[in-house]
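Q:
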Amino acid sequence: MWLGFAVGSAFFAGITAVLAKCGIRKTDSNAATAIRTVVVLVFSWMMVFVTGAQSAVSELSSRTLLFLVLSGLSTGASWLCYFKALQLGDVNKVVPIDKFSTVLTILLAFLFLGETVNLPKGIGVIGIAAGTWFMIQKKETDGGKADNKSWFVYAVLSSVFASLTSILGKIGISGVDSNLGTAIRTCVVLVMAWVVVFVTKKQSEIRKIDRSELLFICFSGIATGASWLCYYRALQSGPASLIVPIDKLSIVVSIVFSRIVFHEKLTSRALAGLLLIVGGTMLMLV
């Protein structure tokens, strides 16, 4: 049974990017992030009450709350950058860079937390780095067409902020129930996302959102929540050593659906890069 939930977690995580891109063709990405965060917030607190972790709220120290807020701000910045990158670039280029946050997290943990890096993990880091580089190269069919690189900047920032989220969590919120921590962080993300909407004066855009795009934005939030629920359920009855790598294969789901929905084709170099990323991810979990 756990295998089905693990596969479900990877599937829903993988289609999140595709659903989100369908919802931000014309819609401002910041407004879309704010809307979908409402949906994610519902799922995150649902998980808190399902696991009975709500009683631990009163036991959180001020230091823990501080780091939860900081990690929430990092998460919010990562989401805002990620969906802006998706709006400007191809899914099969943005997603690999976002997944590169795993490598950045390991490097930061090595530099600041003193965590060791064994040989398989080191090879995995190199594999993911090389694979990401191959996947983001300019398509061979682009010819002399100008390539807007602004998506790349947002994708890199998304990856950096995602890795900072992990490090902040490691430093200051150890011992906190993961579901409760996620729910509190999501509250911070919600506030941050809506502040960005009002600061950029995009609130008027919300009334103009096409219904079909609004539906896809909500679906992307539901997919994120469903991924979290499946992942937690899988961990309840299955081995983490197998569930984690299955969940990381969500990148394959994103690439497959980007081909089906957006007709984004992988060059032979990009396909080799995808194989390197998948192989590197599996090695890092040894």
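Residue numbers for the sequence shown follow our numbering, beginning at 151 and rising by one.
No residue lacks a Cβ here, since even glycine has one placed at the ideal position from N, Cα and C.
(1) Just the C-alpha distance for residue 437 and residue 318, rounded to the nearest angstrom, thanks.
(2) Comparing C-alpha positions only, which one of 269, 255 and 241 sits nearest to residue 172?
(3) So, residue 184 versus residue 236, is the Cβ gap smaller than 8 Å?
(4) Does the beta-carbon distance from residue 411 to residue 245 come in below 8 Å?
(5) Starting from the C-beta of residue 130, find all residues in its chain whose C-beta is less than 6 Å away, skip the five residues before and the five after it, and write them out in chain order.
(6) Would you kindly work out how many angstroms separate the C-alpha atoms of residue 266 and residue 392, rounded to a whole number?
(7) When you compare each of 327, 260 and 408 to residue 197 by their alpha carbons, which one comes out closest?
(8) Could you spell out where the alpha helix (DSSP H) holding residue 268 opens and where it closes?
(9) Measuring CA to CA, which of 181, 271, 314 and 374 is closest to residue 221?
(10) If residue 362 sits next to residue 312, beta carbons under 8 Å apart, how far is it from one beta carbon to the other, in whole angstroms?
(11) Below 8 Å on the Cβ atoms is my contact criterion, and I expect residue 340 with residue 188 to pass it. Report the Cβ-Cβ distance as a whole number of Å.
(12) Between which two residues does the alpha helix (DSSP H) carrying residue 246 extend?
(13) In the structure shown, what three-state DSSP assignment does residue 196 receive?
A: Put simply:
(1) Because the chain here runs from 151 to 436, residue 437 falls outside it and cannot be looked at.
(2) Mapped onto the sequence shown, residue 172 falls at position 22. Looking at the Cα atoms, 241 is the closest of the given residues.
(3) As a first step, residue 184 is located in the sequence shown; it is residue number 34 there, counting from the start. As a first step, residue 236 is located in the sequence shown; it is residue number 86 there, counting from the start. For residue 184 and residue 236, no; Cβs fall outside 8 Å.
(4) Position 261 of the sequence shown, counting from 1, holds the residue named residue 411. Position 95 of the sequence shown, counting from 1, holds the residue named residue 245. No.
(5) What is shown of the chain runs 151 to 436, which leaves residue 130 out entirely.
(6) As a first step, residue 266 is located in the sequence shown; it is residue number 116 there, counting from the start. As a first step, residue 392 is located in the sequence shown; it is residue number 242 there, counting from the start. Computed Cα separation, rounded: 21 Å.
(7) Mapped onto the sequence shown, residue 197 falls at position 47. Of the listed residues, the one whose Cα sits closest to residue 197 is 327.
(8) Position 118 of the sequence shown holds residue 268. From DSSP, residue 268 is part of no alpha helix (DSSP H); its letter is neither H nor E.
(9) The count along the sequence shown starts at 1 and reaches residue 221 at position 71. Residue 221 has its Cα closest to that of 314, out of 181, 271, 314 and 374.
(10) In the sequence shown, the residue the question calls residue 362 occupies position 212. In the sequence shown, the residue the question calls residue 312 occupies position 162. Residue 362 to residue 312, Cβ: 29 Å. No contact.
(11) Taking the first residue of the sequence shown as 1, we reach residue 340 at position 190. Taking the first residue of the sequence shown as 1, we reach residue 188 at position 38. The Cβ separation is near 7 Å, so the contact holds.
(12) Along the sequence shown, one-based indexing puts residue 246 at 96. Element bounds for residue 246: 241 to 249.
(13) Indexing the sequence shown from 1 puts residue 196 at position 46. The answer is helix: DSSP assigns residue 196 an H, G or I state.
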